[in-house]
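As structure tokens, the structure follows; a few thoughts come after it.
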Amino acid sequence: MARVKNIEAFCNVCNSVTKMELAGDAKVFDLQNKKWAKCKKCKQMIIIDPTESPKPEKLTADNIEIENCSEYSPKKSYTVGESIYHSAWDDYGRVIGKEVSSGGQNTIKVEFQKLGHKKLIESIL
305 MARVKNIEAF CNVCNSVTKM ELAGDAKVFD LQNKKWAKCK KCKQMIIIDP TESPKPEKLT
365 ADNIEIENCS EYSPKKSYTV GESIYHSAWD DYGRVIGKEV SSGGQNTIKV EFQKLGHKKL
425 IESIL
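Positions in the sequence shown are counted from 1; adding 304 to them yields our numbering.
Structure, rendered in structure tokens:
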């Protein structure tokens, strides 16, 4: 049985660092040192650069600009890296990821200064 080469890389579909199975070279002239890889979490094939660091820029709640925060509402949609203020919890946080729950509802992962990591609902109609 052939040995499979696994590496850690950032998956744009999962929006996280996951283990990936290398599947071959990307045969495009512009894409030197790029490889096809299959994400073990979401099973999607993406092109990665194995020489790049697998860790994306770390988003933390420590360096939030309070004057640029938007107030959290489940009716709004948010982007990764956006700063929010949750008035019920009186806490500031930064969106570190987006997911779709098993029920099909959009959720965001937020790292708050006081409360730590929380999942919040977004885009309720």
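C-beta atoms are modelled at their ideal positions from N, C-alpha and C, and glycine is treated no differently. Predicted model only: the values in this text are computed from it and were never measured.
(request) Go ahead and pull the three-state DSSP assignment for Ile446. (result) The question about residue 446 has no answer, for the chain in this structure spans 305 to 429.
(request) Can you give me the start and stop residues for the beta strand (DSSP E) that Thr322 sits inside? (result) Bounds of the beta strand (DSSP E) holding Thr322 are Ser320 to Asp329.
(message) Taking the alpha carbon of Ala392 as the reference point, which residue from Gly407, Ile370, Leu419 and Ile428 has its own alpha carbon closest?
(response) Leu419
(message) With three or more beta-carbon pairs closer than 8 angstroms as the criterion, would you say the region 336-354 touches the region 368-385?
(response) no
(message) Do Ile368 and Tyr396 have their beta-carbon atoms positioned less than 9 angstroms apart in this structure?
(response) yes
(request) Mark Val308 as exposed unless 16 or more other C-beta atoms lie within 10 angstroms of its C-beta, in which case mark it buried. (result) exposed
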